[in-house]
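Report on one structure; see the data block that follows.
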Amino acid sequence: MEEKKLPTKEENYSEWYNQLVLKSELADYAPVRGCMVVRPYGWTLWENIQKTLDNRFKETGHVNAAFPLLIPMSFLEKEKEHVEGFSPELAVVTHGGGEKLEEPLVVRPTSETIIGTMYSKWIQSYRDLPVLINQWGNVVRWEMRTRLFLRTLEFYWQEGHTAHATAEEAQAETLQMLNVYRDFAVNEAAVPVVPGRKSETEKFAGALRSYTIEAMMGDTRALQAGTSHFLGQNFAKAFDIKYLDQSNELQYCWTTSWGLSTRFIGAIIMTHGDNQGLILPPRLAPIQVVIVPIYRNDAEKSLVMEAVSRVSAELSAFKIKIDNREELTPGFKFNDWEMRGVPLRIEIGPKDVQNNSVAIARRDVPGRDGKSFVSQAGLENTVRNMLETIQSNLLETATKFRDDHIFEPKDYGEFKSIISEGGWAYVWWSDSIENEARIKEETKATIRCYPQEDGQEEGTCFYSGQKTKNKVYFARAY
RNA sequence: CGGGGUGUAGCGCAGUCGGCUAGCGCGCUGCGUUUGGGACGCAGAGGUCGGCGGUUCAAGUCCGCCCACCCCGACCA
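Every position in the first sequence, counted from 1, becomes a number in the numbering used here once 855 is added.
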């Protein structure tokens, strides 16, 4: 069974990641370079992410809508920084219906421009505000180097676009949605993240301020797992989004945008996966419990299957899968479902029927230690408790891993060895675009975020030696 | 776009000082035995050797051009 074996995580991280995505049947390569086919197992995971996030969006007053895939080129050109930021990675449609188009259309890389255009029509009065709309969809960015889930030419995401009467309200929305992402990452995906503000160089093209949740992957590299942008009045002015306020004066709106993509699936894989394969957080897993029946002959089979259907009925509150494939041995199935990250496995064999028990194995605890025998009585509670234990254990393990790899270097020498040996540097930093660029050039590390605004304490910048109130995380990133 | 690498069965590969009918492992199909940690036996199916051109009695193998993909950089959610 050479084919099912994964490269080890430690020896070849990217190969491990790639094989894991392919073999667990989350995704496959598409016949177009850099594009990805999300397979049913992966898409179900994405749907669970969607449902969870969508609920949070609704709870915070947002509604969903759909905007076009194709955007006139001129729309993008209305905001200078925006078009400069995105033009290198645009896919452009030049022909339609067999004829050359008068104006080329771009396949949306993000929808600020088309949504802004619509908002300028829809918004007239302060009574129309705020507008709180989200869109689930796909976008295309012509990236040079791609990687399944992490960076593909086409990806699936949600993008929220809101318009407000005041800067304060828009800023509050930006931070609220950042917090929705943070909460989702930590409490649903068990991915510990550092929320914070992006540096000037790293911010979104056209934004006044960008915020991010940064996650640490199993190789200690950082991943931007979700972003929320305060766009100020940049897009409102470019797209003429204006309203009459209560004193009958014309004002520009303040807008925000925020997004989280299928990249987050990559974050889950790289945060929790081990040498055995995926480990999916119970709250998002497409299959939470797999039941593997074990029998030697028809007599045993009918006894066992009878118990299996009783147990599965008992567990109807969970997402369960009965693996009744006849042609495969139990041992094979154990490994198969472990590779695909199913949090709990229940084995039911003749002995269990006799003892009114089941064998239950935790994916997050490798080997025999994770396996125990429990009574069929009260199984629903047992399973619920174990899933919760797994969920919190994953978060705990990932948080410890992250914290163990964050260091506070005193000087640039220490900084360089931390970055090259694998870790994040948490340092005092006095803003300097030139110094930031030099550090990136020399170490490949970038500022991941400013975790706090307006710190009270003061320290000495590790690079320039100047006094500063800001601390930042530096890391190599995906 | 720079540097490196690979294209031979669904997947992973061997075969490359030209040579006769192109091979191995896994997977796939059928039958039988198996089944509590990646089962075994027997019998099968499956290939324009990435493409085009050249050299030769003879090309998967040598030469030229092209194409695709992967890895490392610059760019990015």
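For every residue, glycine included, the Cβ atom is placed at its ideal position computed from N, Cα and C. Computed from a predicted structure; not experimentally measured.
Same chain only: Cβ atoms within 6 Å of residue i, ignoring 5 sequence neighbours per side
{"i": "LEU987", "result": "GLY916, HIS917, THR1017"}
{"i": "SER1285", "result": "CYS1316, SER1319, GLN1321, THR1323"}
{"i": "ALA1070", "result": "VAL1046, VAL1048, LEU1078, ALA1080, ALA1122"}
{"i": "ARG1257", "result": "PRO1047, MET1071"}
{"i": "ARG1293", "result": "none"}
{"i": "ASP1074", "result": "TYR868"}
{"i": "GLN1209", "result": "none"}
{"i": "ARG911", "result": "VAL1035"}
{"i": "VAL948", "result": "LEU960"}
{"i": "TYR872", "result": "none"}
{"i": "ILE1261", "result": "TRP1279, TYR1281"}
Element boundaries [beta strand (DSSP E), containing residue i]
{"i": "TRP1113", "result": "1109-1116"}
{"i": "ARG1200", "result": "1199-1203"}
{"i": "THR972", "result": "Premise fails: THR972 lies in the alpha helix (DSSP H), 967-977, not in any beta strand (DSSP E)."}
{"i": "THR1017", "result": "1009-1019"}
{"i": "PRO1141", "result": "PRO1141 -> no beta strand (DSSP E), and no H or E assigned at all."}
{"i": "PHE1059", "result": "Element bounds for PHE1059: n/a, residue is neither H nor E."}
{"i": "PHE1256", "result": "Element bounds for PHE1256: not the beta strand (DSSP E) but the alpha helix (DSSP H), 1234-1259."}
{"i": "ILE1215", "result": "1212-1217"}
Under 7 Å between C-beta atoms of residue i and residue j
{"i": "ARG1002", "j": "GLU944", "result": "no"}
{"i": "THR899", "j": "PRO1136", "result": "no"}
{"i": "PHE1173", "j": "GLN1143", "result": "yes"}
{"i": "TYR1281", "j": "GLU1308", "result": "no"}
{"i": "PHE1010", "j": "THR1117", "result": "yes"}
{"i": "ARG1195", "j": "LEU1133", "result": "yes"}
{"i": "ILE1274", "j": "THR1298", "result": "yes"}
{"i": "HIS937", "j": "GLY1061", "result": "yes"}
{"i": "PHE1085", "j": "LEU1063", "result": "yes"}
{"i": "LEU960", "j": "LEU925", "result": "yes"}
{"i": "TRP1279", "j": "TYR1328", "result": "yes"}
{"i": "ILE1146", "j": "ILE1124", "result": "no"}
{"i": "MET891", "j": "THR1007", "result": "yes"}
{"i": "THR1126", "j": "ALA1253", "result": "yes"}
{"i": "ASN989", "j": "GLY1015", "result": "yes"}
{"i": "LEU848", "j": "GLU1043", "result": "Because the chain spans 856 through 1333 in this model, residue 848 falls outside it and cannot be assessed."}
{"i": "ASP1219", "j": "LEU1249", "result": "yes"}
{"i": "ARG1217", "j": "ILE1245", "result": "yes"}
{"i": "TYR1333", "j": "ARG1076", "result": "yes"}
{"i": "PHE922", "j": "SER975", "result": "no"}
{"i": "TYR1107", "j": "GLN1088", "result": "yes"}
{"i": "TYR896", "j": "GLU914", "result": "no"}
{"i": "GLU1251", "j": "PRO1205", "result": "no"}
Residue i, enclosing alpha helix (DSSP H) - first and last residue
{"i": "PRO1185", "result": "1185-1194"}
{"i": "ALA1093", "result": "1089-1094"}
{"i": "LEU925", "result": "Note, LEU925: premise wrong, no alpha helix (DSSP H); beta strand (DSSP E) at 925-927."}
{"i": "ASP1038", "result": "1022-1042"}
{"i": "TYR1366", "result": "No answer is possible for residue 1366: the residues shown for the chain start at 856 and end at 1333."}
{"i": "HIS937", "result": "935-941"}
{"i": "LEU861", "result": "No alpha helix (DSSP H) holds LEU861; DSSP gives it neither H nor E."}
{"i": "ASP1153", "result": "1153-1169"}
{"i": "TYR1267", "result": "1267-1276"}
Rounded Cβ spacing between residue i and residue j (contact assumed at less than 8 Å)
{"i": "TRP1109", "j": "ALA1025", "result": "4 Å"}
{"i": "PRO1148", "j": "ASN1190", "result": "Contact flag wrong, Cβ pair sits at about 16 Å."}
{"i": "ALA882", "j": "PHE1004", "result": "7 Å"}
{"i": "VAL1197", "j": "ILE1215", "result": "VAL1197 to ILE1215, Cβ: 12 Å. No contact."}
{"i": "TRP1012", "j": "VAL1041", "result": "With 8 Å as the limit, TRP1012 and VAL1041 do not qualify as a contact, their Cβ atoms being about 20 Å apart."}
{"i": "ASN1325", "j": "GLY1310", "result": "7 Å"}
Other residues of its chain near residue i: CB distance less than 7 Å, five sequence neighbours each side excluded
{"i": "GLU1028", "result": "THR1017, HIS1019, THR1111"}
{"i": "GLU958", "result": "PRO927, MET928, SER929"}
{"i": "GLY889", "result": "GLU998, THR1001, THR1007, LEU1008"}
{"i": "ASP1038", "result": "none"}
{"i": "LEU908", "result": "GLN1013, PHE1039, LEU1115"}
{"i": "GLU932", "result": "VAL938"}
{"i": "GLU865", "result": "none"}
{"i": "TYR1267", "result": "PHE1317, TYR1318"}
{"i": "VAL1163", "result": "ILE1146, PRO1148, ILE1177, ILE1203"}
Close Cβ partners of residue i (< 8 Å) along its chain, the five nearest in sequence each way excluded
{"i": "ASN1211", "result": "SER1230, GLN1231, ALA1232"}
{"i": "GLU870", "result": "PRO862"}
{"i": "VAL887", "result": "LEU1008"}
{"i": "HIS950", "result": "LEU956"}
{"i": "LEU984", "result": "ILE978, ALA1018, HIS1019, ALA1020, TYR1098, CYS1108"}
Would you be able to state if there are at least three C-beta pairs under 8 Å between the segment 1046-1065 and the segment 1294-1311? yes
When the Cβ atoms of the segment 1095-1107 are set against those of the segment 974-986, are three or more pairs found closer than 8 Å? yes
For the segment 1224-1236 and the segment 1026-1041, state whether three or more C-beta atom pairs, one from each stretch, are separated by less than 8 Å. no
Touch test, the segment 1215-1228 against the segment 1154-1167, Cβ-Cβ under 8 Å, three pairs minimum: no
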